[in-house]
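Heads up: the structure comes next, in structure tokens.
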């Protein structure tokens, strides 16, 4: 019997995590007749009771494994931790807030059974997604597909199925510190299929993604798969230098023919100098982003650290207890 592992990153989901797990179990119940199922919850330490609830759930359900990071490493690191721990024939990853409908999993598995090695769920945003988020998301996918070395389809979410061969490549061959997983999945190739879905409203609570996190996510993606910003700096520098030479030549010609001007043009000169200074600082920022990427790579620090792994905890009465007033079927 082949095996399926379902990976869910978690952060501050105490209000919904048990309800989500029950819903997930129900969605894949029919698959349990043909596959060995396991569930991995990879989480950053939460200030709420999420960790205690999940560890207690793992005690009662032998198919559940919980990985708790030593600190908050972020969503992408949680996914990588799950990939590193995967020993199944296929890995399915989806968020645990309910926006990725687990009822879609049988369709992903069906595409895999038909020969696809990557089955990518494609988000079709509706009214539940704000206008600003839809617009900036579409712009990001358009930019990275145009200037990057990969074709990243709009709506490609971190909801996907990966075959064992793809998991092995990402786990053993891709060693980037600051990994942009959506780009890596598109970069590795292999046979890919797409399944569309409409994101649901969060079961409870609000998104944990701050605008600054999303901006950093976009910068990470572009700098990981495109040198175009660096080349743009070079092209712009050449254009500005050419214009400067032409302006200087015009001044010389005007002086020779007696059309030179004294102090006139001081305001335009200062404007140009200020513009050029701002342009230089902007380009230095671009260089800094790429240099920061190199700095992170050469340090070779681990991408994450696991503080607690429920698979290694002793199954004794001294283990984590289920919080009161919460039951697990």
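In the numbering used here, the protein residues as written are 15 to 343.
Each residue gets a CB set at the ideal place from its N, CA and C atoms; glycine is no exception.
{"query": "Identity of the residue in 88, 38, 77, 50 nearest residue 26 by Cα", "result": "88"}
{"query": "Which listed residue (181, 247, 299, 192) has its alpha carbon closest to that of residue 311", "result": "192"}
{"query": "Proximity below 8 angstroms, CB of residue 85 to CB of residue 324", "result": "no"}
{"query": "Exposure of residue 15, with buried meaning 16 or more beta-carbon neighbours within 10 Å", "result": "exposed"}
{"query": "Selected residue, minimal CA-CA separation from residue 321, among 17, 83, 42, 21", "result": "83"}
{"query": "Whole-angstrom C-beta distance between residue 130 and residue 205, which should lie under 8 angstroms", "result": "5 angstroms"}
{"query": "Distance, residue 77 Cα to residue 168 Cα", "result": "34 angstroms"}
{"query": "Of the residues 73, 69, 188, 213, the one placed nearest residue 116, counting alpha carbons only", "result": "213"}
{"query": "Rounded straight-line distance, which links the Cα of residue 68 to that of residue 208", "result": "31 angstroms"}
{"query": "Exposed unless 16 or more other CB atoms sit within 10 angstroms - verdict on residue 341", "result": "Its pLDDT being 42, under 50, residue 341 is placed unreliably in this model, and the coordinates cannot settle the point."}
{"query": "Of the listed residues 119, 103, 95, 61, nearest to residue 210 (C-alpha basis)", "result": "119"}
{"query": "Exposed unless 16 or more other CB atoms sit within 10 angstroms - verdict on residue 326", "result": "exposed"}
{"query": "Residue 298 burial status per 10 Å Cβ neighbour count (16 or more: buried)", "result": "exposed"}
{"query": "Where residue 67 sits in the DSSP three-state scheme", "result": "helix"}
{"query": "Cα-Cα separation between residue 39 and residue 181, rounded to whole angstroms", "result": "23 angstroms"}
{"query": "Close Cβ partners of residue 97 (< 7 angstroms) along its chain, the five nearest in sequence each way excluded", "result": "105, 181, 184, 185"}
{"query": "Terminal residues of the beta strand (DSSP E) in which residue 178 lies", "result": "Looking at the DSSP string, residue 178 is not in any beta strand (DSSP E); the run it does join, the alpha helix (DSSP H), is 178-186."}
{"query": "Supposed contact pair residue 102 and residue 136 - C-beta distance, whole angstroms, cut 8 angstroms", "result": "Not a contact, Cβ separation roughly 23 angstroms."}
{"query": "Within the segment 16-50, ranges of the beta strand (DSSP E) (whole runs, at least 3 residues)", "result": "16-24"}
{"query": "Those residues which DSSP pairs with residue 56 across a bridge", "result": "23, 81"}
{"query": "CA-to-CA distance, residue 81 to residue 22, given in whole angstroms", "result": "10 angstroms"}
{"query": "Boundaries of the alpha helix (DSSP H) in which residue 123 is found, first to last residue", "result": "119-127"}
{"query": "Range covered by the beta strand (DSSP E) that runs through residue 137", "result": "132-137"}
{"query": "Host alpha helix (DSSP H) of residue 104 (start-end)", "result": "Not the alpha helix (DSSP H): residue 104 falls in the beta strand (DSSP E), residues 104-107."}
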